[in-house]
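For reference, the structure discussed in these notes is given below.
In the numbering used here, the protein residues as written are 33 to 383.
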């Protein structure tokens, strides 16, 4: 006869495994539906025609982004510390790309992939550690992005020929981005979760949220300790992770360079980076549109016009970038499907 404790433990394991399975299925179906809607919006025939016109340059972009994702995954693993050894690099890569797919099609703030990543990491570590690992990487990603934006803005101010009023606007933007970058740095240094509790408590309408968070004060304190560990105790790895993320952002600028070279327009890597920074600033301001529909093209046209290049070319660049995004969204959804099937099999084995 099975012991009571053993039977209860088995039932608890079944519930946890079933919950994991349902989480996988929900995220996968939501992502698949969004992907189908996006393909329908663009038109499958238009996607195929644009891909054929892009030719080998599209292949180069897919390879470029494979390298980018490898570097992103490595940066994430560096800041995870000992927890990162509980998941293999290929598994972490698949989880990163799957999260990217959900982030790209999320219609608000591009953070749909973060809950999915945290939930999946919770299979190999406790929830506070998984949430801290996901938020920490996200903040490092943002910090590196701010550094890249500052570099591109400085290039525009001192190298690109433009009217004085535009230079002044860029200078003001540089100061704003620098301020955001410094705030993100203090988050790395001092933590965010306990600070969030104090911030929420200041607003009367959010005090019920504060009371709810206070019940988990000890968990929040632990999450802050995990969050700040990389900066305080593993600073070399922290700096290396920031450098890797900065390089990947620069490689995203190289994407513009490759597309322009493929259609016979010669520009420097610095100029291509400036175009990337221009449209990146715009799509980050208008953050709630999935796949940045229509916004990216406007930013690209503005950046190209600053370089005295026909602005309408920005429409073509935007189309090529979207095809590349759709490819990697499909790859991410495929990884999610494989993971979902594995969870379903695991549930059946437990039952």
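Ideal Cβ placement from N, Cα and C applies to all residues, glycine included.
Discussion item. Classify residue 214: buried if its beta carbon has 16 or more other beta carbons within 10 angstroms, exposed otherwise.
Written reply: exposed
Worksheet item: Is the CB-CB distance between residue 132 and residue 346 below 8 Å?
Response: no
Worksheet entry | Nearest-angstrom Cα separation, counted from residue 92 out to residue 100 | 12 Å
Worksheet entry | Contacting residues, own chain, Cβ-Cβ under 6 Å from residue 188 (five flanking each side not counted) | 202, 306
Discussion item. Can you tell me whether residue 114 is buried or exposed? The criterion is at least 16 other CB atoms within 10 Å of its CB, across all chains shown.
Written reply: exposed
Discussion item. Suppose the cutoff is 7 Å on Cβ atoms and the five residues either side in sequence are ignored; what does the same chain contact list for residue 265 look like?
Written reply: none
Fill in: C-beta atoms of residue 175 and residue 274 nearer than 8 Å
yes
Discussion item. Report the start-end ranges of each beta strand (DSSP E) in the segment 264-349 that is 3 residues or longer and not cut off at the edges.
Written reply: none
Discussion item. Taking the beta carbon of residue 14 as the centre, do at least 16 other beta carbons fall within 10 Å, making it buried, or is it exposed?
Written reply: Since the displayed the chain opens at 33 and closes at 383, residue 14 lies outside it and no answer follows.
Discussion item. Applying the 10 Å Cβ sphere with the 16-neighbour rule, what's the burial state of residue 332?
Written reply: buried
Discussion item. Using CA atoms only, rank isn't needed, just tell me which of 127, 212, 186 is closest to residue 200.
Written reply: 186
Worksheet item: With DSSP run on the structure shown, which of helix, strand or coil describes residue 112?
Response: helix
Practice prompt. Might you give, ordered along the chain, the residues of its own chain that have their beta carbon closer than 7 Å to the beta carbon of residue 129, omitting 5 neighbours on each side?
Written response: 101, 360, 363, 364, 367
Fill in: Residue range of the unbroken alpha helix (DSSP H) whose run includes residue 86
76-86
Worksheet item: How many Å lie between residue 178 and residue 135 at the Cα?
Response: 19 Å
Item to complete: Ignore the nearest five residues each way along the sequence and tell me which others in residue 71's own chain have a CB closer than 8 Å to its CB.
Response: 79, 358
Practice prompt. Name the two residues that bound the continuous alpha helix (DSSP H) containing residue 118.
Written response: Looking at the DSSP string, residue 118 is not in any alpha helix (DSSP H), and its letter there is neither H nor E.
Worksheet entry | Buried/exposed call for residue 160, threshold 16 Cβ in 10 Å | buried
Worksheet item: How many angstroms separate the CA atom of residue 190 from the CA atom of residue 302?
Response: 12 Å
Fill in: residue 279 and residue 103 closer than 8 Å at C-beta
yes
Worksheet item: Touching or not, the segment 147-165 and the segment 82-91, by the rule of three or more beta carbon pairs under 8 Å?
Response: no
Practice prompt. Compute the distance between the beta-carbons of residue 74 and residue 354, then report whether it is under 8 Å.
Written response: yes
Fill in: Where residue 164 sits in the DSSP three-state scheme
helix
Practice prompt. Could you tell me if residue 328 is buried or exposed, where buried requires 16 or more neighbouring beta carbons within 10 angstroms of its beta carbon?
Written response: buried
Item to complete: For the alpha helix (DSSP H) containing residue 194, list its first residue and its last residue.
Response: Counting along the chain, residue 194 falls outside any alpha helix (DSSP H), and DSSP gives it neither H nor E.
Practice prompt. Go ahead and pull the three-state DSSP assignment for residue 141.
Written response: In this prediction, residue 141 scores a pLDDT of 47, lower than 50, which makes its location untrustworthy; the coordinate-derived value is nonetheless stated afterwards. Here residue 141 sits in coil by DSSP.
Discussion item. Does residue 72 come out as helix, strand or coil in the three-state DSSP assignment?
Written reply: helix
Item to complete: Excluding the 5 residues preceding and the 5 following residue 108 in the sequence, name in chain order all residues of the same chain whose CB lies nearer than 6 Å to its CB.
Response: 169
Item to complete: Kindly indicate which residue of 184, 147, 122 has the alpha-carbon position closest to the one of residue 283.
Response: 184
Worksheet item: Under three-state DSSP, which class holds residue 107?
Response: helix
Item to complete: Take the Cβ of residue 95 as the centre, count every other Cβ of all protein chains shown within 10 Å, and call the residue buried at 16 or more, exposed below.
Response: exposed
Worksheet item: Within 10 angstroms of its Cβ, does residue 208 collect 16 or more other Cβ (buried), or is it exposed?
Response: exposed
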